[in-house]
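The numbering of the sequence shown is the UniProt record's numbering, which starts it at 1 and goes up by one.
Just so you know, even glycine gets a beta-carbon here, dropped at the ideal spot from N, CA and C.
Written out below as structure tokens is the structure these notes cover.
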Amino acid sequence: MDDAAETLFVRDSNGRVNSLTTVLGQEVDRFNFLLRVLRTSLCTLQKAIAGLVVMSEEMERIYNSFLNNQVPEYWASAAYPSLKPLGSWVRDLALRTAFIDSWITRGQPKSFWISGFFFPQGFLTGTLQNHARKYNLPIDELNFCFNVIPAYRDQAAITEALKNLGPGAELDQDQKLPSIEDGVLVHGMFMDSSRWDDVNMVMEDALPRVMNPMLPVVQAGTLSTTGHSTNFVVTVMLPSNRPNDYWISKASALLCQLNE
Numbered sequence: 001m002d003d004a005a006e007t008l009f010v011r012d013s014n015g016r017v018n019s020l021t022t023v024l025g026q027e028v029d030r031f032n033f034l035l036r037v038l039r040t041s042l043c044t045l046q047k048a049i050a051g052l053v054v055m056s057e058e059m060e061r062i063y064n065s066f067l068n069n070q071v072p073e074y075w076a077s078a079a080y081p082s083l084k085p086l087g088s089w090v091r092d093l094a095l096r097t098a099f100i101d102s103w104i105t106r107g108q109p110k111s112f113w114i115s116g117f118f119f120p121q122g123f124l125t126g127t128l129q130n131h132a133r134k135y136n137l138p139i140d141e142l143n144f145c146f147n148v149i150p151a152y153r154d155q156a157a158i159t160e161a162l163k164n165l166g167p168g169a170e171l172d173q174d175q176k177l178p179s180i181e182d183g184v185l186v187h188g189m190f191m192d193s194s195r196w197d198d199v200n201m202v203m204e205d206a207l208p209r210v211m212n213p214m215l216p217v218v219q220a221g222t223l224s225t226t227g228h229s230t231n232f233v234v235t236v237m238l239p240s241n242r243p244n245d246y247w248i249s250k251a252s253a254l255l256c257q258l259n260e
């Protein structure tokens, strides 16, 4: 993180660095480990195909996975949970690393791509820690509250826009977002068995042939999270004109990523 923005290391009155900077460092370590696994295995496979080294069973499994457009188990074991085929998985990984890189070089983003985290629960815990420090509150007394912002944000478009953005310049998409006092803005969630009504600002039934519509940007205030042992991230309470049982019966959920 030699090229990291100085704003990431600003300390509070007690000399503490922002908890999200610590989260960023942890994410960098996780992604670097994954990239090393990919690079090492690809270099070994390249040599095996050229006949310079013996083709091991592991390399053969990786090669066969490529032929079937599947993520090799060897890679998946070092990565985040995903059901994407290989091509989509690689494109998603490129977006994730670009998100982390822009956070390092440009400082904390105005809205965080929650789908891009290796471990999103750690990000939520870091936000919780910041709030607890700011107001001198016990962490176990904090709960999440949500406010949907009427703005949509596509990470692929954000990544492309950042390529042509000068140092210190602000994204046009950022200007559409409000400045918040507490919590964070997050984007990148998709709705399953439901959709968001932009007019009435409530959940509604999904439209025909629209499988997983995007949820707008969400302001997440104080929160509580789960541990490492589950792919459940956090409960998000959204307004609706229908009873809770209606959405439960439809198995409605928010997803951080899709299978394609």
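| C-beta atoms of residue 149 and residue 217 nearer than 8 Å | Sequence index remark: in the sequence shown, residue 149 carries index 149 (1-based). Sequence index remark: in the sequence shown, residue 217 carries index 217 (1-based). Going by C-beta atoms, residue 149 is nearer than 8 Å to residue 217.
| request: Note down the Cα distance separating residue 66 from residue 51, rounded to an integer number of angstroms. | output: Start at 1 with the first residue of the sequence shown, and residue 66 comes out as number 66. Start at 1 with the first residue of the sequence shown, and residue 51 comes out as number 51. Roughly 19 Å between the two C-alpha positions.
| Residues bridged to residue 203 (per DSSP) | For this step, residue 203 is matched to residue 203 along the sequence shown. Residue 203 is bridged to 196, 240.
| query | With distances taken between CB atoms, is the gap from residue 19 to residue 129 smaller than 8 Å? | reply | Numbered from 1 along the sequence shown, position 19 holds the residue referred to as residue 19. Numbered from 1 along the sequence shown, position 129 holds the residue referred to as residue 129. Their beta carbons are under 8 Å apart, which means residue 19 touches residue 129 by this criterion.
| message | From the DSSP secondary-structure annotation, give me the bridge partner or partners of residue 187. | response | For the purposes of this step, residue 187 is taken as the residue at position 187 of the sequence shown. Looking at the DSSP assignment, residue 187 forms a beta bridge with 113.
| message | Strictly by DSSP, which residues pair up with residue 255? | response | Here the question's residue 255 lines up with position 255 in the sequence shown. The partner list for residue 255 (beta bridge, DSSP) reads 190.
| message | For the pair the stretch 245 to 253 and the stretch 63 to 79, tell me if three or more CB-CB distances fall below 8 Å. | response | no
| message | Taking contact to mean 3 or more Cβ pairs, one atom from each stretch, closer than 8 Å, check whether the stretch 83 to 98 and the stretch 154 to 170 are in contact. | response | yes
| What is the residue span of the beta strand (DSSP E) that residue 79 lies within? | Counting from one through the sequence shown, the residue named residue 79 turns up at place 79. No beta strand (DSSP E) contains residue 79, which DSSP labels as neither H nor E.
| query | Between residue 127 and residue 36, what straight-line distance do the alpha-carbon atoms span, to the nearest angstrom? | reply | Residue numbering aside, residue 127 sits at position 127 when the sequence shown is read from its first letter. Residue numbering aside, residue 36 sits at position 36 when the sequence shown is read from its first letter. For residue 127 and residue 36, the distance between alpha carbons rounds to 29 Å.
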